[in-house]
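So for the sequence shown, this note's numbering puts the first residue at 7; every next one is plus one.
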Amino acid sequence: MFNINVEGAVYKKDKWLIIGRSLKEGHTGGLLSLVGGTVENEGNSINILERTLKRELFEEVGAKVKEKLDYVRNTSFRLDDGSEVIDIVFLCEFEEGEPFVKSPDEVNAVFWMSTEEIIKHPKSPVWLIDSIKEAEALLKKTN
Numbered sequence: 007m008f009n010i011n012v013e014g015a016v017y018k019k020d021k022w023l024i025i026g027r028s029l030k031e032g033h034t035g036g037l038l039s040l041v042g043g044t045v046e047n048e049g050n051s052i053n054i055l056e057r058t059l060k061r062e063l064f065e066e067v068g069a070k071v072k073e074k075l076d077y078v079r080n081t082s083f084r085l086d087d088g089s090e091v092i093d094i095v096f097l098c099e100f101e102e103g104e105p106f107v108k109s110p111d112e113v114n115a116v117f118w119m120s121t122e123e124i125i126k127h128p129k130s131p132v133w134l135i136d137s138i139k140e141a142e143a144l145l146k147k148t149n
């Protein structure tokens, strides 16, 4: 059985909303990441992925995004405890709020970074770089 995680490639002009993950996080603590989180069981539901992502963005960094979310990609990976995760990334346009470290147990820092800054940053894991490259390509197609 998979756990499902959603992440937002949130853009504002030519920058992406990126967090430094808290060292308290068991998985990839200290690395850069998109904002996101695990989908919780709600029983019968619609738009659960989108609602989860919007909730996580607000809970972790106090940000809101516009209504329309575009699918970017999905991947799977295994956590250190052996559980398997499906990760789904959405392209999101920033709407309002001044992102800040709202949940210090999950987030250590908040940044607005260009694609190039993310690619060159020593704490950017390959999956973040790949997600940003695919989100940027989708953004260019839709604009």
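C-beta atoms are modelled at their ideal positions from N, C-alpha and C, and glycine is treated no differently.
Leaving out five residues before and five after residue i in sequence, what residues of the same chain have Cβ atoms less than 7 angstroms from its Cβ?
| i | result |
| --- | --- |
| residue 55 | 12, 45 and 94 |
| residue 134 | 38, 39, 40 and 124 |
| residue 127 | 38 |
| residue 138 | 15, 22, 121 and 124 |
| residue 111 | 28 and 30 |
How far does the alpha helix (DSSP H) with residue i in it reach, from first residue to last?
| i | result |
| --- | --- |
| residue 137 | 132 to 148 |
| residue 54 | 54 to 67 |
| residue 81 | Not the alpha helix (DSSP H): residue 81 falls in the beta strand (DSSP E), residues 70 to 84. |
| residue 122 | 121 to 126 |
With a cut-off of 8 angstroms on the beta carbons, I'd call residue i and residue j a contact; round off their distance for me.
| i | j | result |
| --- | --- | --- |
| residue 96 | residue 75 | 4 angstroms |
| residue 98 | residue 42 | Going by Cβ atoms, the distance from residue 98 to residue 42 rounds to 10 angstroms, so no, they are not a contact pair. |
| residue 144 | residue 78 | 6 angstroms |
So, at 6 angstroms on beta carbons, what are the nonlocal neighbours of residue i in its own chain, with the 5 sequence-adjacent residues on each side left out?
| i | result |
| --- | --- |
| residue 83 | 91 |
| residue 10 | 45 and 92 |
| residue 117 | 24 |
| residue 8 | 90 and 92 |
Are residue i and residue j close, meaning C-beta to C-beta below 8 angstroms?
| i | j | result |
| --- | --- | --- |
| residue 18 | residue 120 | no |
| residue 26 | residue 115 | yes |
| residue 72 | residue 101 | yes |
In terms of residue numbering, what span does the beta strand (DSSP E) encompassing residue i cover?
| i | result |
| --- | --- |
| residue 111 | First-last for residue 111: undefined, no H or E at that position. |
| residue 20 | Residue 20 -> no beta strand (DSSP E), and no H or E assigned at all. |
| residue 91 | 90 to 102 |
| residue 49 | From DSSP, residue 49 is part of no beta strand (DSSP E); its letter is neither H nor E. |
Ignore the nearest five residues each way along the sequence and tell me which others in residue i's own chain have a CB closer than 8 angstroms to its CB.
| i | result |
| --- | --- |
| residue 129 | 26, 36, 37 and 38 |
*Are three or more beta carbon pairs between the region 55 to 71 and the region 95 to 108 nearer than 8 angstroms?*
yes
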